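Below is one structure, written out as structure tokens, with a few remarks after it.
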Amino acid sequence: MGFARARVTPFVCAVVVALVGFRPDVALAQASQQEIARGRYVFGATGGCGCHTAKGQPANAGGRRYDGPFGTVYSSNITPDRETGIGSWTDEQIVTATRLGRRSNGERLLPVHPYPVFNGMAAEDLKALVAFLRSVPPVKRANQPKRIAVPLFESVFLPAWLAAFAPRETPPPSAPTAGVPRGEYLVRAVAHCGECHTPRTLTMATDNSRFLAGNPKGPEDQAMPNITPDPDTGIGKWTVEQIADYLGTGNKPDGDVAGGLMGEVIDGTLAGYKDLTQGDRVAIAQYLKTLPPIRNKIAKEK
Ligand code: HEC
31 MGFARARVTP FVCAVVVALV GFRPDVALAQ ASQQEIARGR YVFGATGGCG
81 CHTAKGQPAN AGGRRYDGPF GTVYSSNITP DRETGIGSWT DEQIVTATRL
131 GRRSNGERLL PVHPYPVFNG MAAEDLKALV AFLRSVPPVK RANQPKRIAV
181 PLFESVFLPA WLAAFAPRET PPPSAPTAGV PRGEYLVRAV AHCGECHTPR
231 TLTMATDNSR FLAGNPKGPE DQAMPNITPD PDTGIGKWTV EQIADYLGTG
281 NKPDGDVAGG LMGEVIDGTL AGYKDLTQGD RVAIAQYLKT LPPIRNKIAK
331 EK
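Take a look at the structure:
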């Protein structure tokens, strides 16, 4: 019997060792769940990448139509489908397309995809974002080719756009975590508020000398309010709390509710601005308060 026990003990030990040996894997799996949760947060902070979700279609499957001065482009499938989405891309390729607008075959993406904005996104946030994108259900939906209608597009518009943007080849390693620098980071590098709220020059590049000063005819022909601190034509009369609350709920101080594209980015798709922490919404509001007030009356269409 003693002999038999002696033989069992090493076996038990082996099992115990095996279990202990699995612990690091369990820890790894947890870390990646954390990474995905972090990526979902970043995804929400962009407004839910809603341009990649067409009305009534599965999230991230693309196909939303954008008409520009150049012609028509359809957003891409960014689900992990291996054939029609980004499932077969490496992390590096996804990051490069997101922040530099270069596809793996060297093709340039149109800046309808806001890479001049995402160019400033921190490496750790990009990495988490990729982990999240890979975690959602793959959808098989082939991308539609763009239709360029303007002959001068590639010789005039695209270079002007690219000149308005000096890409950083390497992303900043980490993002500011609190206060005005955090707010600036979210507004400029993640939430892309300027893509809608900043007026554009004749070439359609954002006019960064009038950052966030509004646009009577912005994306999808919607009126984009002036959100600089000008008291009469901007949001100078809103308190930090009112701005932060609006980003979380869509409720305006005057009782109105966010509509149109603003309603979309607040609600998001799989996540949106509404999922930002109170701390981050306050940081955004505090940053907006530091901007130069610009007088620019935007008529509200109704
Ligand atoms: C996809 C386009 C888009 C993006 C991105 C966007 N907005 Fe807006 N925003 C709008 C539109 C459209 C309205 C007008 C909504 C309405 O009339 O109900 C609006 C309204 C607002 C208002 C209300 C202004 C007023 O006078 O009523 C504030 C404040 C605001 N946005 C702040 C922001 C901030 C801060 C960000 C970035 C964190 C942001 N927006 C990103 C499109 C956008």
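In terms of this note's numbering, the sequence shown opens at residue 31 and continues consecutively. We put the CB at the ideal spot given by N, CA and C, even for glycine. Note that the coordinates shown come from a computational prediction; the quantities given were computed from them, not determined experimentally.
Those residues which DSSP pairs with residue i across a bridge
i	result
R95	Y104
R132	R138
R198	None, per the DSSP bridge assignment.
R230	T236
M254	N245
N281	V287
Proximity test, residue i beta-carbon vs the ligand HEC heavy atom, cut-off 7 Å
i	result
K170	no
M234	no
V303	According to the sequence displayed, residue 303 carries Tyr and not Val. Checking the Cβ of Y303 against the ligand HEC gives yes.
P249	yes
Q252	yes
K282	yes
P255	yes
M151	no
Y276	yes
I273	yes
A313	no
V217	yes
Which of helix, strand or coil DSSP assigns to residue i
i	result
T126	helix
V160	helix
T83	strand
R112	coil
R171	coil
T236	strand
V270	helix
I178	strand
V287	strand
R35	Note that R35 scores a pLDDT of 45, beneath 50, so its modelled location is shaky; the value from the coordinates is reported in the next line. In this structure, R35 counts as helix in the three-state DSSP scheme.
M151	coil
I324	coil
S185	helix
P261	coil
L318	helix
G302	coil
Buried versus exposed call for residue i [16 or more other C-beta atoms within 10 Å across all chains shown]
i	result
G298	buried
E271	exposed
T200	exposed
N135	exposed
D155	buried
A329	exposed
P144	buried
R53	At R53, the pLDDT of 46 sits below 50, so the modelled position is not reliable and the matter cannot be decided from this model.
S105	buried
G92	buried
- Query: Just checking, does the region 228-246 make contact with the region 276-285 on the three C-beta pairs under 8 Å criterion?
  - Reply: no
- Can we say the region 188-195 touches the region 104-119, given the rule of at least three CB pairs closer than 8 Å? no
- Query: Per the contact definition of three or more C-beta pairs closer than 8 Å, is the region 153-172 in contact with the region 246-260?
  - Reply: no
- Task: Check whether the region 95-102 touches the region 317-332, taking contact to mean three or more Cβ pairs, one atom from each stretch, closer than 8 Å.
- Result: no
- Query: Counting Cβ pairs closer than 8 Å, one from the region 63-75 and one from the region 208-225, do we hit at least three?
  - Reply: yes
- Is there contact here, the region 252-268 with the region 171-180, by at least three beta-carbon pairs under 8 Å? no
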